[in-house]
Amino acid sequence: MSVNLNEKIYVAGHLGMVGSAIVRNLKTLGYDNIVGRSHTQLDLTNQAAVQAFFQTEKPDQVYLAAAKVGGIYANNTYPAEFIYDNLMVQNNVIHHAFQNGVKKLLFLGSSCIYPKLAPQPMSEDALMTGTLEPTNEPYAIAKIAGIKLCESYNRQYGNSHGVDYRSVMPTNLYGPGDNYHPENSHVIPAMIRRFHEAKMSNAPQVLIWGTGTPKREFLYVDDMATASVFVMGLSKKIYDEHTLPMQGHINVGFGGDVTIAQLAAAVSRAVGYQGQIGFDTSKPDGTPRKWMDSSRLNQLGWHANIGLETGLKLAYEDFLKQHA
Numbered sequence: 001m002s003v004n005l006n007e008k009i010y011v012a013g014h015l016g017m018v019g020s021a022i023v024r025n026l027k028t029l030g031y032d033n034i035v036g037r038s039h040t041q042l043d044l045t046n047q048a049a050v051q052a053f054f055q056t057e058k059p060d061q062v063y064l065a066a067a068k069v070g071g072i073y074a075n076n077t078y079p080a081e082f083i084y085d086n087l088m089v090q091n092n093v094i095h096h097a098f099q100n101g102v103k104k105l106l107f108l109g110s111s112c113i114y115p116k117l118a119p120q121p122m123s124e125d126a127l128m129t130g131t132l133e134p135t136n137e138p139y140a141i142a143k144i145a146g147i148k149l150c151e152s153y154n155r156q157y158g159n160s161h162g163v164d165y166r167s168v169m170p171t172n173l174y175g176p177g178d179n180y181h182p183e184n185s186h187v188i189p190a191m192i193r194r195f196h197e198a199k200m201s202n203a204p205q206v207l208i209w210g211t212g213t214p215k216r217e218f219l220y221v222d223d224m225a226t227a228s229v230f231v232m233g234l235s236k237k238i239y240d241e242h243t244l245p246m247q248g249h250i251n252v253g254f255g256g257d258v259t260i261a262q263l264a265a266a267v268s269r270a271v272g273y274q275g276q277i278g279f280d281t282s283k284p285d286g287t288p289r290k291w292m293d294s295s296r297l298n299q300l301g302w303h304a305n306i307g308l309e310t311g312l313k314l315a316y317e318d319f320l321k322q323h324a
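FYI, the numbering for the sequence shown is 1 to 324, going by the UniProt record's numbering.
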């Protein structure tokens with residue numbers, strides 16, 4: 001497929017963890033006509049503002065990496081914001097991209113779209129086959145709506161307008177630009193912060209919630225960026241051969257998972273914490289396993305490059321920069 005490095009590319013959420021990684025990857029490949037707007041410059045929940053942006057900028061491609069995200073605590077505390085804000089962002093960006101002639105768009109979802117008890121590893125066809133995990137259901141519903149929005153525009157306007165809107169579903173991401181908030185962050189940034197603070201205070205032990213036996217998959221964010229650009233660059237013929245009109249998303253995972261206990265040990269090594277790791281078994285474990293089936297993407301030729309040990313060292317370096 002021919003590549004036009006002069007195409008104007010809008011990365012929605014370009015200052016976030018995933019969006020900034022996509023920008024880094026695009027620049028490495030030689031794209032330099034990249035457009036971004038901070039939240040203060042453009043509120044993506046504001047339909048009129050998004051409409052005006054697309055009418056003015058007229059991008060050729062869109063990476064929709066903007067979203068309201070957070071861990072279990074944040075999802076449980078702000079469910080209305082998680083469903084409303086994400087639905088509005090997606091609706092506005094996808095619709096006004098279409099209205100202003102954008103042919104190529106990539107929507108970034110989440111592994112939480114799959115049922116709580118989906119068979120492991122979770123394949124693309126598990127979508128909408130069961131009940132979602134209650135703690136992040138509002139966020140998951142919004143992401144499912146985003147996939148269906150892309151599929152629906154393809155079905156209605158693919159032939160008449162050349163619309164080609166795609167979706168990728170990442171597993172748990174971590175790396176530079178992550179959110180290390182003590183309450184609203186995901187498991188890896190939360191652990192990095194806790195082990196760092198324990199190291200600084202010479203605490204004898206770091207206590208981890210649960211038994212440490214649940215298994216999770218983690219992908220370094222720059223790998224997610226390369227996957228996103230890779231999927232966007234596939235010919236329409238190839239993409240259509242590996243998806244279905246009403247199952248148009250592709251999973252992006254590392255290809256293996258680790259227990260929470262193994263993760264805690266790895267974070268401890270990356271941070272240089274010398275104390276003990278304990279487990280508070282009175283606290284809940286959550287889902288026993290969440291592992292993505294990435295075989296579809298692997299068959300297309302993409303594989304993750306950055307292992308957990310390397311990725312955690314890079315993530316800790318980023319944490320230190322943010323908290324210097």
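For glycine and all other residues, C-beta sits at the position ideal for the given N, C-alpha and C.
As the structure is a computational prediction, the values presented were derived from the model and not from experiment.
Nearest in C-alpha terms to S160, of all of K103, N25, M191, A265, is K103. With a cut-off of 8 Å on Cβ pairs, the segment 304–314 is in contact with the segment 269–278, counting three or more such pairs.
Between Q90 and the set N6, V231, Y10, I147, the nearest pair of CA atoms involves I147.
In the displayed model, I306 falls within coil according to three-state DSSP, outside both helix and strand. Residue ranges of uninterrupted alpha helix (DSSP H) with 4 or more members, entirely inside the segment 257–284 and ordered along the chain, are 260–271. Per DSSP, reduced to three states, the secondary structure at S20 is helical. By the beta-carbon neighbour count (other beta carbons within 10 angstroms, threshold 16), A97 is buried. Per DSSP, reduced to three states, the secondary structure at R155 is helical. Counted as a single uninterrupted DSSP element, the alpha helix (DSSP H) harbouring Y84 occupies residues 79–99.
The C-beta distance from Y174 to Y220 rounds to 7 Å, short enough to fall under 8 Å. Under DSSP, V206 forms a beta bridge with I277. For the 8 Å CB-CB criterion, L132 and A65 do not form a contact. Counting only runs of 4 or more residues that sit fully inside the segment 43–68, the alpha helix (DSSP H) segments are 47–57, in chain order.
DSSP, reduced to helix, strand and coil, places M246 outside both helices and strands of the structure shown, so it counts as coil.
Contact between the segment 200–219 and the segment 29–43 is absent, with fewer than three C-beta pairs closer than 8 Å. Inter-segment contact for the segment 122–131 and the segment 72–81 is absent: fewer than three beta-carbon pairs are separated by less than 8 Å.
In terms of Cα proximity to F218, the closest of I238, L207, K237, V252 is V252.
The C-beta separation of S110 from K143 comes to about 5 Å, placing the pair in contact by the 8 Å criterion. According to the DSSP assignment, P170 belongs to the beta strand (DSSP E) that extends over 164–170.
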